[in-house]
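Worksheet: one structure, shown below.
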Amino acid sequence: MNNNKKIEDPSNKRPMNRTMDDDVIIEGTASSSPVTPVMSNPGTPRSELDIHGNHGTPPPAIANRGPQLPQMSQHPQTKYTQLLAVIEDMGKDIRPTYSGSKSSAERLKRGIVHARILVRECLMECERSART
1 MNNNKKIEDP SNKRPMNRTM DDDVIIEGTA SSSPVTPVMS NPGTPRSELD IHGNHGTPPP
61 AIANRGPQLP QMSQHPQTKY TQLLAVIEDM GKDIRPTYSG SKSSAERLKR GIVHARILVR
121 ECLMECERSA RT
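Spelled out as structure tokens, the structure:
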């Protein structure tokens with residue numbers, strides 16, 4: 001059973017093979033022998049620690065901050081950093097969503113929900129710090 005759909009690439013009128021998983025696009029002409037898969041969005045990390053995939057030690061940017069800041073001061077920065085990472089990841093899902101990728105659309109929806117939660121938490125932290 002072949003799950004590939006033929007679609008036209010509007011930029012150069014070459015047929016493209018698209019699998020049922022809309023995240024992998026295989027480009028090439030029908031007669032070309034080498035086919036190269038291109039990942040449009042391999043995953044959606046949720047924090048700076050997830051981006052580096054190293055959960056044991058923090059990335060250099062976090063490790064270099066050092067212990068000079070108390071724990072309460074670092075908390076808003078990490079929420080803000082998480083928010084920036086989520087927004088950046090949402091940007092990667094916009095084009096595939098317009099192309100009709102259902103999985104990218106779902107990731108974009110989850111990213112929007114996550115970003116709204118983080119925005120609320122950042123606002124609460126700002127209000128708390130403004131009161132003190």
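No gaps in the numbering here: position 61 of the sequence shown is 61 in UniProt numbering, and each next residue is one more. Even for Gly, the Cβ is constructed at its ideal location relative to N, Cα and C.
Quiz item: Comparing alpha-carbon positions, which option in T81, I112, K79 lies nearest K92?
Solution: I112
Exercise. From the DSSP output, in three-state form, read off T81 for me.
Key: helix
Quiz prompt | S103: first and last residue of the uninterrupted alpha helix (DSSP H) it sits in | solution = 102–131
Quiz item: Between the beta-carbon of L108 and the beta-carbon of I94, is there less than 8 Å?
Solution: yes
Quiz item: Which residues in the same chain have their Cβ closer than 6 Å to the Cβ of T97, if we skip the five residues on either side of it in sequence?
Solution: S104, A105, L108
Quiz item: Using the beta-carbon count (16 or more within 10 Å), is A130 buried or exposed?
Solution: exposed
Practice problem: Alpha carbon to alpha carbon, how far is T78 from A115? Give it in angstroms, no decimals. | Solution: 13 Å
Exercise. Quick one: using the 10 Å Cβ neighbour count with 16 as the cut-off for buried, is E90 buried or exposed?
Key: The question names Glu, but residue 90 is Met in the sequence shown. Label assigned to M90: buried.
Quiz item: With burial defined as no fewer than 16 other Cβ atoms inside 10 Å of the residue's Cβ, what is the status of L84: buried or exposed?
Solution: exposed
Quiz item: Which value, in whole angstroms, describes the spacing of the CA atoms of R110 and S101?
Solution: 14 Å
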